[in-house]
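A quick write-up on the structure given underneath.
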Ligand code: ADP
Ligand code: ADP
């Protein structure tokens, strides 16, 4: 687990759009932060900069004591969960979970331990030999989360992970993520459009507007403000 600190982080895209305008905040170890705000306010850009998927134009992002923008992508100790689950279609669920760890040279028994632990937590143990196409949408989304969990990262980043699911599954997965959050306690930054997701999951809610923090605080207090 780790703290994440953003210090005057800015993003100016090549065309001149200033997508993030000097965002500063400290995220505590184990804290679950939800980022909300209107479309185009910079949520995804900010998350991608924390993930190291987008270059930072100015400022610094630290995860633990490491400045993200100066760490090789392969050494960044974070895992991202996307809305398009991007599972490998030709691999079993087990191999989908194990693949990234094998690439990183994690020993076989350790891989097995982590895959089985993630499968237990996510209740996908019965599907480990199936291919993704034989799974329901909710099961696939769990496998996608499993790929992030097995890495045992210092932090999770979620980019609207439930937005492709139907309403019923969204509710179910929201509860599931809440449960995961309680059992793993990993520092998380979660982007969503969904107010219920934000209310359920956030320790602290950050409202972005025009690339800057407009409000930050307890989700109930933020939503109840006139
Ligand atoms: P959100 O996730 O809140 O919808 P984004 O971070 O995607 O917002 O976008 C913030 C702003 O940056 C928008 O004005 C968007 O058009 C612009 N933007 C996003 N990605 C790019 C890009 N690759 N190149 C240029 N402008 C971009
Ligand atoms: P995986 O199977 O876990 O995606 P790969 O070996 O294919 O692992 O990863 C390729 C690169 O992409 C690595 O540099 C890794 O840091 C990065 N990466 C992989 N998965 C994620 C993720 N979920 N979140 C952030 N970065 C990732």
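In the numbering used here, the protein residues as written are 1476 to 1701. For each residue, glycine too, the CB sits at the ideal point set by N, CA and C.
Quiz prompt | Presumed contact (8 Å Cβ cut-off) between residue 1552 and residue 1636, rounded CB distance | solution = With a Cβ gap of about 19 Å, residue 1552 and residue 1636 do not count as contacting.
Exercise. Report yes or no: do the stretch 1637 to 1650 and the stretch 1557 to 1570 share at least 3 C-beta pairs separated by less than 8 Å?
Key: Touching, yes, given that three or more Cβ pairs across the two stretches are closer than 8 Å.
Quiz item: Just the Cα atoms here: how many angstroms apart are residue 1546 and residue 1509?
Solution: Rounded to the nearest angstrom, the two C-alpha atoms are 25 Å apart.
Quiz item: Based on the DSSP secondary-structure assignment, which residues constitute the bridge partners of residue 1511?
Solution: 1682, per the DSSP bridge assignment.
Quiz item: For the stretch 1482 to 1537, which segments carrying the beta strand (DSSP E) assignment without a break, of at least 3 residues, lie completely within its bounds, in sequence order?
Solution: Runs found: 1493 to 1502 and 1507 to 1511.
Quiz item: For ligand 1, is there a heavy atom less than 7 Å away from the beta-carbon of residue 1673?
Solution: Residue 1673 Cβ: outside cutoff for every heavy atom of ligand 1.
Exercise. Please work out which residues of its chain come closer than 7 Å, Cβ to Cβ, to residue 1494, disregarding the five sequence neighbours upstream and downstream, and give them in chain order.
Key: Cβ neighbours of residue 1494 beyond the five flanking positions: 1486, 1488, 1517, 1520 and 1686.
Practice problem: Please list, in chain order, all residues with a C-beta atom less than 5 Å from at least one heavy atom of ligand 1. | Solution: Selection output, chain order preserved: 1488, 1492, 1494, 1514, 1515, 1516, 1517, 1518, 1519 and 1520.
Exercise. Give the straight-line distance between the Cα atoms of residue 1567 and residue 1662, rounded to the nearest whole angstrom.
Key: If you take the alpha carbons of residue 1567 and residue 1662, they lie about 29 Å apart.
Quiz item: Roughly how many whole angstroms lie between the Cα atoms of residue 1623 and residue 1595?
Solution: About 14 Å.
Quiz item: When the Cβ atoms of the stretch 1587 to 1602 are set against those of the stretch 1523 to 1532, are three or more pairs found closer than 8 Å?
Solution: With a cut-off of 8 Å, the stretch 1523 to 1532 and the stretch 1587 to 1602 do not count as touching, because too few Cβ pairs lie within range.
Quiz prompt | One or two residues paired with residue 1662 in a DSSP bridge | solution = The partner list for residue 1662 (beta bridge, DSSP) reads 1630.
Quiz item: If we call anything under 8 Å between Cβ atoms a contact, is residue 1481 one with residue 1538?
Solution: In this structure, residue 1538 does not lie closer than 8 Å to residue 1481 by Cβ.
Quiz item: At what residues does the beta strand (DSSP E) containing residue 1672 begin and finish?
Solution: Premise fails: residue 1672 lies in the alpha helix (DSSP H), 1670 to 1676, not in any beta strand (DSSP E).
Quiz item: Using the rule of at least 16 other Cβ atoms within 10 Å of the residue's Cβ for burial, across every protein chain shown, is residue 1642 buried or exposed?
Solution: By the neighbour-count rule (16 or more Cβ atoms within 10 Å), residue 1642 is not buried but exposed.
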